[in-house]
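Chemist: If you use UniProt numbering, the sequence shown closes out at 550, no skipped numbers anywhere.
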Amino acid sequence: RRTAALAGSRGPGRTSDGHTVALLANIGGPQDAEEAGAQDLEGVGLFRTEFLFLSTDRAPTVAEQTDIYRRVFAPFGERRVVVRTLDAGADKPLAFADLGPEENPALGRRGIRLSAERPELLDAQLEALAVAARETGADVRVMAPMIATAEEAAWFARRVRENGLPKAGVMIEVPAAALRARHVLADVDFGSLGTNDLAQYTMAADRMQGELADLLDPWQPAVLDVIAAACEGASAAGRPMGVCGESGGDPLLALVLTGLGVSSLSMAPSKVPIVRLSLSLHTLADCQRLAGLARQARTAQDAHDAVHEAASTEL
Ligand code: PEP
Ligand code: MG
236 RRTAALAGSR GPGRTSDGHT VALLANIGGP QDAEEAGAQD LEGVGLFRTE
286 FLFLSTDRAP TVAEQTDIYR RVFAPFGERR VVVRTLDAGA DKPLAFADLG
336 PEENPALGRR GIRLSAERPE LLDAQLEALA VAARETGADV RVMAPMIATA
386 EEAAWFARRV RENGLPKAGV MIEVPAAALR ARHVLADVDF GSLGTNDLAQ
436 YTMAADRMQG ELADLLDPWQ PAVLDVIAAA CEGASAAGRP MGVCGESGGD
486 PLLALVLTGL GVSSLSMAPS KVPIVRLSLS LHTLADCQRL AGLARQARTA
536 QDAHDAVHEA ASTEL
């Protein structure tokens, strides 16, 4: 029955009462773009651009980058493509953007912090993205990784607009930014929760340390509380908040996230059909009730079990 329901699930993400939640893909380059672009999904919620350059020793030129971005955008036509600017450092080191050894790379000069020290890298990337966006007509939106403060968000938004790109956003993956989302989002157009890093920094558990998987579980009630705070801040600022961490591809957690107020979910493209089905079996009020159950739980396991029990048995 579930297989038949999955096969029959099509179109934009929406709850059974018509509340829309955009279903988007996480991609890392042109090959992923071609595959995801051919699927029934609403665009890209996270294009991890640093993946393109993991084995490059010199900084890519504007022309080289433009060529790649064109190939990434083309398969999506007029659909949205949310591009993350280079998230170099920590788990994703780039040879040409190396600022030297650090004691704690996950807490070091990574993401937007590295862009602030090497603004020429950011500007070259934004210039290439703007050219590729104009040429392909894709709905390109650019967001920064590892934003912690409102000043960083405003600095990034200014640079994005100076390069002629219309929409700037920030990843919300540092608890400080989640707790202050209302102010952090004031000068940008949208936020996107990176639940992988948000769990790492909320739980003080290194995401590279496999033994800590239980602490890194996005069902941890503390992580859900931080996500809820971020959604409240976004709503107060009048900005949409999405999710682009792996948690968006969990069909039960997707309900909780929807109940907390997120308006888009980005995931591995293979997860889109099951998440679409999950949403279609619940109303927005169901999602809100499930979010309440998860947040009332004492442990991650209890949160998961409570939602599993209360959600549609068809899942
Ligand atoms: C995240 O941190 O959740 C995220 C989406 O980005 P990455 O996994 O690439 O750090
Ligand atoms: Mg991250």
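Positions of the beta carbon are idealized from the N, C-alpha and C atoms, including for glycine.
Keep in mind it's a predicted model, so treat the numbers as computed, not measured.
In the DSSP assignment, find the beta strand (DSSP E) that holds Asn339 and state where it starts and stops.
Modeler: Per DSSP, Asn339 belongs to no beta strand (DSSP E) and is neither H nor E.
Chemist: Helix or strand or just coil, what does DSSP make of Asp374?
Modeler: Correct three-state label for Asp374: strand.
Chemist: Look at Arg376 and Gly404 and say whether their C-beta atoms are less than 8 Å apart.
Modeler: Yes.
Chemist: Count the other CB atoms within 10 Å of the CB of Gln300; is the residue buried (16 or more) or exposed (fewer)?
Modeler: Burial call: buried.
Chemist: Should Ala546 and Leu525 be called a contact, given that it needs their Cβ atoms to be closer than 8 Å?
Modeler: Yes.
Chemist: Taking 5 Å as the limit, name every residue whose beta carbon sits nearer than that to some heavy atom of the ligand MG, in sequence order.
Modeler: Spelled out in chain order, the answer is Glu408, Gly429, Asp432.
Chemist: Have a look at Pro451 and Leu490 and give me their C-alpha separation to the nearest angstrom.
Modeler: Correcting the residue identity first, residue 451 is Leu in this sequence and not Pro. Near 19 Å, if we compare the C-alpha coordinates of Leu490 and Leu451.
Chemist: Is the beta carbon of Ala471 closer than 8 Å to that of Arg417?
Modeler: Contact flag set, yes.
Chemist: With distances taken from CA atoms, which of Pro456, Val317, Thr493 is nearest Ala529?
Modeler: Looking at the Cα atoms, Pro456 is the closest of the given residues.
Chemist: So, with DSSP's three-state summary, where would you put Thr284?
Modeler: Residue state, collapsed to three classes: helix.
Chemist: Please determine whether the Cβ atom of Arg283 lies at a distance below 7 Å from any heavy atom of the ligand PEP.
Modeler: Answer for Arg283: yes, Cβ within range of the ligand PEP.
Chemist: If we ignore side chains and look at the alpha-carbon of each, how far apart do Ala434 and Phe331 end up?
Modeler: Each residue's alpha carbon lies about 28 Å from the other.
Chemist: By the DSSP assignment, the alpha helix (DSSP H) with Gly468 in it spans what residues?
Modeler: Counting along the chain, the alpha helix (DSSP H) containing Gly468 begins and ends at 456-472.
Chemist: Are at least three pairs of beta-carbons, each pair with one atom in the stretch 274-289 and one in the stretch 319-328, less than 8 Å apart?
Modeler: With a cut-off of 8 Å, the stretch 319-328 and the stretch 274-289 count as touching, because enough Cβ pairs lie within range.
Chemist: Check each candidate in Met381, Gln360, His543, Ala363 and name the one with the smallest Cα separation from Pro340.
Modeler: It is Met381.
Chemist: Measure the CB-CB distance between Val458 and Val478 and report whether it falls below 8 Å.
Modeler: Not a contact, by the Cβ cut-off of 8 Å.
Chemist: How about Gly494: is its Cβ closer than 7 Å to a heavy atom in the ligand PEP?
Modeler: Not so, every heavy atom of the ligand PEP lies at least 7 Å from the Cβ.
Chemist: Spatial neighbours of Tyr304 within its chain, please: C-beta separation below 7 Å, excluding the five flanking residues on both sides.
Modeler: Closer than 7 Å at Cβ, skipping near neighbours: Ala363, Leu364, Ala367.
Chemist: Less than 7 Å separating the Cβ of Asp267 from some heavy atom of the ligand PEP?
Modeler: It does not: the Cβ of Asp267 is nowhere closer than 7 Å to a heavy atom of the ligand PEP.
Chemist: To the nearest angstrom, how far is it from the Cα of Leu519 to the Cα of Val256?
Modeler: For Leu519 and Val256, the distance between alpha carbons rounds to 10 Å.
Chemist: Under the criterion of a Cβ to heavy atom distance below 7 Å, does Gly263 qualify as lining the ligand PEP?
Modeler: No - the ligand PEP has no heavy atom lying nearer than 7 Å to the Cβ of Gly263.
Chemist: Closer than 7 Å by C-beta to Asn431: which residues in its own chain qualify, once you throw out the five before and the five after it? Chain order, please.
Modeler: So the list reads Arg442, Gly480, Glu481, once near-sequence residues are dropped.
Chemist: Express the C-alpha separation of Val423 and Ala392 in angstroms, rounding to a whole number.
Modeler: If I take the Cα positions, the gap works out to 6 Å.
Chemist: Quick test of your reading: Ala465 and Gly426, contact by CB under 8 Å. State the CB separation rounded to the nearest angstrom.
Modeler: Confirmed, about 7 Å.
Chemist: To which residues does DSSP link Ile262 through a beta bridge?
Modeler: Beta-bridge pairing links Ile262 to Phe282.
Chemist: What are the start and end residues of the beta strand (DSSP E) that includes Ala403?
Modeler: Per DSSP, Ala403 belongs to the beta strand (DSSP E) from 403-407.
Chemist: Would the beta-carbon of Cys466 be found less than 7 Å away from any heavy atom of the ligand PEP?
Modeler: Result no, Cβ not under 7 Å from the ligand PEP.
Chemist: Where Leu356 and Gln444 are concerned, what is the direct C-alpha to C-alpha distance, given to the nearest angstrom?
Modeler: Rounded to the nearest angstrom, the two C-alpha atoms are 30 Å apart.
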